[in-house]
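Position one of the sequence shown corresponds to residue 1262 (this note's numbering), numbered consecutively onward.
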Amino acid sequence: MKTNATIALFGMALPLVAGAQESVSQRQEGIEKTLEGILSKAGVSMSGRATGEFAQSTMDGSLKRDSVRATEPVTYTQVDFDMRARPNSVTTARAVFRLHLDWPNFFGAPYTPFETRWLSIDGKAMDMLYYSVGDMSVKWSPYTIYGNDVGFLYTPRMFAQMQEQAMAERFQGNNVRNLQGAQFGLRAAAPPAKIDSFNVGFLATKLTNAINTGDNPPTALPYIFSDFDRWVMGGRGDVTFLGGISLGGSMLAFQDLKGTYADQTSLETELQTGGSRAGSAAEKRNAAQSGMVSGGRFNLQLDRVMQSLPIQVGLNTEFSMSSWETQGMLLNTNPRILGADTKGLPEIPDSMLSRKKTDGVAFAADLVLGYSMEKVFGGSLSAGFMMNDSGYRNDLVQAQSFVPNRIYNSVQGSDMGMYSTFDAMYHNVHRFVPEIVSNEMVKNPFEKVGYSNQIGANSTRIDPVLQTVLPGGAATANRVGPRFGLDVGMLDGALTLVSNGWILSTAKDVPVSTEIWAMDSATGATSQLGDSMVYAPVRSGGVTDTIMYNLPVAQKIDYQKIQAGLKLRADKFLGDAWKMPLELMGSYELNSAKSGSAVDYKANILNAGLYVGVWKRIALTGGYQMINTEKAVLNTTKGAAGQTPYVSGKYTSKQTNVGGGLEYTITEGSYASFTWHKVSVEYPEDKFVKKADQPAVARDFSQNILNAKLTVGF
C-alpha cells in the first residue's frame, strides 16, 4: 500500500520540498502523510435540512389582554448541517450545526445565528467494539435508561408531523435519552456456542449542572447552574441464545460531587464567623445525593425456541432495585449552641446531619400471544402486571421529557392561565424576541418548546391530561396493577386496530388533599410523605425533641388509562377507482385518578383524522381533537366581599383542536405545506376564579394559527 501510494504521488507530479539534510525515507514519509490526509477527507459526508417558515398565531377570547399585541408572528429561515467525517474505518465524527435567522431581526439580530446542536465521536472496530464520546442517544430498557414520549393513539397526520418536528428540536423520539459523556462496549455473536448475540457495555455521563428556566430567563442565557454536578456510571450485559431466550443485567451508580457545591465562598464565610446562615449553608452543602440502581431482564420467545408452535408466545420480564441516600433534617440549625464563642467556629460535621436512605423495587412482566397469516391477518395480545413501590427512583427513566409550557402568544402573559395541551405538544419556536422583555435594554431571545432533555432537577409541573397516570413512564414510582395491549392488522395493513390500558393504584397510601395527588404523579417521590404523620427530630438547648406535623389522612389513589384506536386505508378497498392514498383514523382515550371524595379527576380524549391524496404528490390533511376534563376541587375557604374565594365543586374544561392543510411532496424528505388550525380552551362556568357574591363567569381563549413551510432535505 505504501509503495502504491508513493508511485501515485510521483505520477501526479507532486513537488517534493525538503531541506538538504532530509533523507529519502523522511521525504517518502511526508508524502505518505499527505496522501493519508487526502484520503481521510474522502470520508466526509454532509446531509441536512433547510426550512423556511411563516407562522402566525392570533389570540381571541375573554382572557385576551388588550394591552399587548394579540398576534404573534414566527418567521425564519434556517439550515441544519449534519456533517460526518470518517477518516478511517473505526472512527466517525458527527457535528450538527444550525444557521438560523429570524426575519423580524434581519437588520439587527441580537444573537449569533450559528449554533452547535450536536457533537460526537463514534466508532466501531472489528465489527464488535463500539464507542461514543460526546453527545449520545441511549436507550437500554424501561427500568434502566429510557425516555417517556407523550402522545395519543392515531394522532391526525398533520398534528403528528407537528409533534415530530417539536420533539426533533431536542433530538427526542423513540423513547431515547440524550446524554453527554462516553460509552464503549462489545457487541457480537458466537454461533458455535448457540449464542445469537451478546452485548456488554459501559457508560459514564454527566447528568446535569444546569437547570432550564423556561421562557423567562434572568439573563440572556436560558440556563442557571444547579448546586452540584451529578454523574452516573454504569454497565450492562445482555445475551440472546437458542433463537429466543435472552438474559440481561445492569447497574447504575449516581453521585453528586460535593466539591462542586455552587456557593463555597459564602459557605465557608458563614461557617467560620458563625453567621445566621451557617446551619443553612452546611445543610445545602451536605445535601449531595448518591444512588444505586440495579436489575435484571428475562425474555422468552417460545415460538422461536420451539419452531413447531403455530402461534407466537412471548414472556418479557424486568426487575429493578434502587437505593438512594439523601439529606435529612439538620439536627442543629443554630450553630451558637455548639459553644459560647462563635468566632472560629469549626465546620458542622456530617454527623450532625440526618442522612436518609430510601430503598425501592420495581417489577413488570408481560405475556404476549400472537398469530399471523401473511398479508391477511396479524395480531398480538398482551397481558401484564407491574409493581413499582413508592421508594423506587431512577432519574434516567422517571425524568419528564415533556414539561407543559406556553408556546405561541406567550407575550399575552407569562403564567399558565392560557395554557393548552395542543399548543405545548405541537409547537416550537427556536428563537423568539418578545416585544416587552429585555435584559438591560438588550433583546432577549428565547427558545419555546414543551420538550426537555433535562434529567434530575426537572419541573414538578405536569400536564394532567398526559401525565396523571404514568408521568415517569413504565417506571413511575408508587404504582401497582395490571396492564394489557391489543394490536391487530388485516388485509396487508388496510385496517389496523390498537388498544391498551393500565388499571393501577398506589402501592402505598399517600396524603390526599387538594392538588397533593398531582405532586405525587409528577415526582413519584411520595415515599417521603407516605404516612399520615411526619416526625422530625430537632435539637434545641442540648435536648432533642420530636415535633409532630399533621398531614391529611393517607389514602389509596386509583388510576386508569384506557385507549383504543382504528386506522383505515380505504384506498386499498377501492382498487382502480381510487389509486391515491385515502386514510382515515380515530381514537379515544380515558385518563382518570380517583380517591374517595378527595381526588376525582377524569380526562376524555377524542382524535379523528383524514389524509387524502388528490393528485400525484399533492395531499389534503385534516384533523379534529377534543379533551374534556373534570376535576373535583374541595377547598371551602370563604373570601370577603371583593376577594377571590375558592369553593368546592367540579372544575371542568374543554380543549379542541381542529384544522386542515395542503401538503406537496417535492422529493423524499422535501415538502411544502400550508396548514390552518384553531386551538380553543373553555372553562364553561368558572366559579373558582370570581368575586364574592357575584355570578360565575365563563372564561375562554383561542389561537388561530396559520402556517406555511418549505422544507428541503439534502
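Glycine residues also receive a C-beta, built at the ideal position from the N, C-alpha and C atoms.
According to DSSP, is residue i helix, strand or coil?
i	result
Met1423	helix
Asn1761	strand
Ala1354	strand
Val1329	coil
Pro1743	strand
Asn1366	helix
Tyr1796	Because Tyr1796 carries a pLDDT of 31, less than 50, the predicted location of this residue cannot be relied on, and the following value inherits that uncertainty. Strand at Tyr1796.
Val1658	helix
Ser1537	Because Ser1537 carries a pLDDT of 48, less than 50, the predicted location of this residue cannot be relied on, and no value is offered for it.
Ile1598	Interpretation of Ile1598 is limited by its pLDDT of 34, a score under 50 that renders its predicted location unreliable; the figure taken from the coordinates is listed afterwards. Here Ile1598 sits in helix by DSSP.
Gln1673	helix
Gly1631	strand
Tyr1484	Below a pLDDT of 50, predicted positions are generally treated as unreliable, and Tyr1484, at 49, falls in that range; no measurement from the model is reported.
Gly1504	coil
Lys1400	coil
Arg1448	strand
Lys1939	strand
Pro1842	coil
Met1428	helix
Thr1587	strand
Pro1417	coil
Gly1652	coil
Ala1735	helix
On the DSSP letters alone, give me the boundaries of the alpha helix (DSSP H) that residue i sits inside.
i	result
Phe1683	Thr1682 to Tyr1687
Lys1833	Asp1832 to Leu1835
Asp1564	Leu1563 to Val1566
Pro1725	Pro1725 to Gln1728
Going along the chain, which residues of its own chain have a beta-carbon closer than 6 Å to the beta-carbon of residue i, five neighbours each way excluded?
i	result
Phe1975	Gly1309
Thr1917	Met1887 and Ser1941
Asp1620	Ser1584 and Gly1652
Thr1578	Phe1559 and Ala1626
Gly1631	Gln1573 and Ser1641
Trp1492	Lys1467 and Gln1516
Trp1839	Asp1832
Asn1714	Arg1431 and Asn1439
Leu1563	Val1574
Val1690	Val1335 and Lys1709
Leu1324	Met1679, Arg1960 and Phe1962
Ala1969	Phe1315 and Phe1935
Pro1956	none
Gln1424	Met1686 and Tyr1687
Give the single residue among the options whose Cα lies nearest to the Cα of residue i.
i	options	result
Met1307	Asp1343, Leu1324, Lys1467 and Met1320	Asp1343
Ala1735	Gln1659, His1688 and Thr1729	Gln1659
Met1419	Pro1453, Thr1972 and Val1919	Val1919
Pro1665	Met1677, Asn1655 and Pro1365	Met1677
Ile1966	Ser1931, Glu1946, Pro1945 and Gly1922	Gly1922
Pro1348	Glu1943, Lys1939 and Lys1385	Lys1385
Asp1753	Lys1828, Gly1742 and Trp1763	Lys1828
Ser1393	Leu1447, Ser1931 and Ala1854	Leu1447
Thr1757	Lys1863, Tyr1820, Ala1864 and Leu1414	Leu1414
Thr1972	Ser1511, Met1648 and Ala1311	Ala1311
Met1686	Val1875, Asp1410, Ser1848 and Phe1646	Asp1410
Leu1464	Ser1766, Val1672, Gly1496 and Asn1439	Gly1496
Asp1770	Asp1819, Lys1892, Gly1762 and Leu1380	Asp1819
Ala1768	Ala1815, Pro1417, Gln1433 and Ser1931	Ala1815
Tyr1404	Met1647, Lys1970, Met1841 and Leu1570	Met1647
Ser1681	Val1672, Glu1376 and Val1726	Val1726
Asn1865	Ser1318, Asn1889 and Met1634	Asn1889
Phe1489	Phe1502, Ala1548 and Trp1763	Ala1548
His1361	Thr1377, Leu1835 and Ala1331	Thr1377
Gly1750	Pro1706, Arg1565, Arg1830 and Lys1519	Arg1830
By Cβ distance below 8 Å, which residues in the same chain neighbour residue i in space, the five residues on each side in sequence not counted?
i	result
Arg1878	Tyr1925, Thr1926 and Ile1927
Tyr1849	Gln1824, Ala1825, Gly1826, Asn1865, Ile1866, Leu1867 and Asn1868
Leu1843	Arg1830, Ala1831, Asp1832, Leu1835, Tyr1872, Val1873 and Gly1874
How far does the beta strand (DSSP E) with residue i in it reach, from first residue to last?
i	result
Asp1770	No beta strand (DSSP E) holds Asp1770; DSSP gives it neither H nor E.
Met1307	Val1305 to Asp1321
Ala1959	Val1958 to Gly1974
Leu1380	Phe1375 to Ala1386
Leu1708	The question names Leu, but residue 1708 is Glu in the sequence shown. Glu1708 -> beta strand (DSSP E) spans Phe1707 to Val1710.
Go through its chain and collect everything with a Cβ distance to residue i's Cβ below 7 Å, but skip five positions before and after it.
i	result
Phe1232	Outside the displayed span of the chain (1262 to 1975) sits residue 1232, for which this structure offers no information.
Ser1402	Arg1558 and Glu1579
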